[in-house]
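Below is one structure; the comments refer to it alone.
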Amino acid sequence: MALIVQKFGGTSVGSTDKIKAVAKRVLECKNKGNDMVVVLSAMSGETDKLTGYAREIQSIPSLREMDMLLSTGEQVTISLFAMAVKEAGGDAVSLLGDQVAIHTDSSHTKARIKKVDTDLVRKHLAEGKIVTVAGFQGVTDEGDITTLGRGGSDTTAVALAAALEADACEIFTDVEGVYTTDPNICKTARKINRITYDEMLELASLGAKVLDIRSVGLAKRYKVPLHVRSTFTENEGTWVVEEEKKMESMLVSGITYNKNEARITITNVPDQPGVAAKIFLPISDAGIIVDMIIQNTKAGDMTDMTFTVVRSDYDRAMKLLEKIIQDIEAESVSCAKEITKISIVGVGMRNHSGIASTMFHILAKEGINITMISTSEIKVSCIIEEKYTELAVRSLHEAFALDKNNEPVEEENPEPVSE
Ligand code: ADP
Ligand code: ASP
Ligand code: MG
């Protein structure tokens, strides 16, 4: 007998028929003698709908009230799921994050899990029930409801699996596993059978939303093997595991895109010591995460500063910046929301030159302009216009031969370009 944590995402529980099908599948697993803990997301589109309601009332709502609102989506699915299990002849109980309890800090809308209690879950399991837990939510020491950030149900599942020392954690979704790129926009994307935590962390951090990045971090830390698989087939999916000797070290393991950022530019910033701190300290104090930063040197004593923030933080960032630019006597602040960060990722890049230049060459061939670039040992990211996302993903996927093999690519651009 095993203890299994299964998580089903929004599309997997997007209608009452789908909830009934999931209940049947879980019950079959339970009837084989396993203890089952089932983490559910809200029905697909529901969290967006709730966010839309809030925006109709206030442009910058209180984050505490946002959490109160957003956490309701998961309450719907867990209660319906428990009913569906009972209707199918089993027994189940639904629990909210604060009932479990999943303790978090108080950073509303992006709370971090501090501790997960297991007593109540274990008590219900011992009574033979399937325990279904609302994903994406927790509770502060003061008793306020929090949410973990978009896609956070994956993290709930892994945190529960770690706390319960579960034998397996399965993430059920609408695709068959982790692919070389998003299979919904690139038909030749190839399913990866096994991937290391580190590579998955990199893919997730750059936009492969099939797994929430914090869930991968937790899985790595607590050595929880993750199995990402489809709700709609029985096929084996992708295992996210520790590095194994025989694993292929791919040059480029995947292409990701992230449409979730906005670019902000402050022009004519006086180029003096301390100016970057004056811009970014208040932003980080407000809990706003800044991703790429570029500072241009101009003639005279002025500079331009360009950076990206998560799109949902854009309004708050702009409000802060209106004041900041007055303090630092910069000229103006402007922004572009219709951008995408497109990245190529692979641990094998460490020892190869020419990967970034190949990427730039491929994008140039398609007439796609790059407005920001950032590189690390194992990734290259470019900011491009959002409308070119699919074209860029497909062209890069083909250029790096991700549909075919894992051999180093032949560079299309024979000219050496320094990186
Ligand atoms: P869920 O609602 O089940 O949590 P998500 O929408 O969060 O599902 O994640 C699954 C989606 O992730 C897929 O439908 C796919 O479009 C997208 N995706 C992006 N990159 C990848 C990738 N590399 N491999 C698999 N899916 C990906
Ligand atoms: N319902 C939340 C969201 O849409 C959490 C999740 O699905 O993981 O982001
Ligand atoms: Mg998800």
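Residue numbering for the sequence shown follows the numbering used here, starting at 1 and increasing by one per position.
The beta-carbon is built from N, C-alpha and C at its ideal position, and this holds for glycine as well.
For the beta strand (DSSP E) holding residue 268, just list the boundary residues, first then last.
Residues 261–270.
Mind checking who residue 304 pairs with in its DSSP beta bridge?
Its beta-bridge partners are 296.
With which residues is residue 397 paired in a DSSP beta bridge?
DSSP lists no partner for residue 397.
Please report the distance separating the alpha-carbon of residue 475 from that of residue 203.
The first residue shown for the chain is 1 and the last is 419, placing residue 475 beyond what the model contains.
Apart from the five residues just before and just after residue 416, which ones in its own chain have a Cβ nearer than 6 Å to its Cβ?
Note that residue 416 has pLDDT 34, beneath the 50 cutoff, so the model's placement of it is unreliable and the number below is only indicative. Excluding residues within five positions, none has a Cβ falling inside 6 Å.
Could you check if residue 238 is buried or exposed, using at least 16 other CB atoms within 10 Å of its CB as the buried criterion?
When all chains shown are included, residue 238 counts as buried.
Taking buried to mean at least 16 other C-beta atoms within 10 Å of its own C-beta, is residue 233 buried or exposed?
When all chains shown are included, residue 233 counts as exposed.
Quick check on this structure: which residue in 29, 18 and 16 has the alpha carbon closest to the alpha carbon of residue 6?
Measuring from the Cα of residue 6, the nearest candidate turns out to be 29.
Could you check which residue in 109, 256, 193 and 136 has the C-alpha nearest to that of residue 101?
The candidate whose alpha carbon is nearest that of residue 101 is 136.
Leaving aside the five residues before and after residue 419 along the sequence, list all residues of the same chain whose C-beta is less than 6 Å from its C-beta, in chain order.
Low confidence applies to residue 419: its pLDDT is 33, below 50, so where it sits in the model is not reliable, and the reading given next is rough at best. The residues are 356.
For residue 193, which option in 180, 87, 367 and 263 has the closest C-alpha, if you only look at C-alpha atoms?
When each option's Cα is compared against that of residue 193, the closest is 180.
Taking 8 Å as the cut-off, does the segment 104–114 touch the segment 149–167 (at least 3 CB pairs, one atom from each stretch)?
Yes: at least three Cβ pairs fall under 8 Å.
Can you check which of these residues, 275, 306 and 310, is closest to residue 287 by C-alpha distance?
The shortest C-alpha separation from residue 287 is found at 310.
Going by alpha carbons, who is nearest to residue 325 out of 259, 280 and 378?
Out of 259, 280 and 378, 280 has the C-alpha closest to the C-alpha of residue 325.
Would you be able to state if there are at least three C-beta pairs under 8 Å between the segment 155–171 and the segment 205–218?
Touching, yes.
Could you give the first and the last residue of the continuous alpha helix (DSSP H) run that contains residue 17?
It spans 16–31 - the alpha helix (DSSP H) in which residue 17 sits, taken as one unbroken run.
Measure the beta-carbon distance from residue 40 to residue 132 and round it to whole angstroms, keeping in mind my assumption that it falls under 8 Å.
About 6 Å; that satisfies the 8 Å criterion.
By the 10 Å Cβ neighbour count, where 16 or more other Cβ atoms means buried, how is residue 358 classified, buried or exposed?
Per the 10 Å Cβ criterion, buried.
Using three-state DSSP, classify residue 202 as helix, strand or coil.
DSSP places residue 202 in helix when its eight states are reduced to three.
Write down every uninterrupted run of the beta strand (DSSP E) in the segment 142–222 whose length is 3 residues or greater and which is fully enclosed by it, in chain order.
Qualifying beta strand (DSSP E) stretches, in chain order: 145–147, 168–173 and 194–196.
With H, G and I counted as helix, E and B as strand and the rest as coil, what does DSSP make of residue 227?
Three-state DSSP puts residue 227 in a strand.
Based on the DSSP secondary-structure assignment, which residues constitute the bridge partners of residue 8?
DSSP output for residue 8 lists 40 and 172 as bridge partner(s).
From 168, 50 and 368, pick the residue whose C-alpha is nearest to that of residue 387; which is it?
The shortest C-alpha separation from residue 387 is found at 368.
If you drop the 5 nearest sequence neighbours on each side, which residues of the same chain put their C-beta closer than 6 Å to that of residue 182?
Correct list: empty, nothing qualifies.
With a threshold of 6 Å, establish whether the CB of residue 152 neighbours any heavy atom of ligand 3.
No, ligand 3 has no heavy atom inside 6 Å of this Cβ.
If you run the structure through DSSP and keep just helix, strand and coil, what is residue 291?
If DSSP states are grouped into helix, strand and coil, residue 291 belongs with the strands.
If I'm right that residue 304 touches residue 265 with Cβ under 8 Å, what's the distance once you round it to whole angstroms?
About 6 Å separates the two Cβ atoms, so the contact holds.
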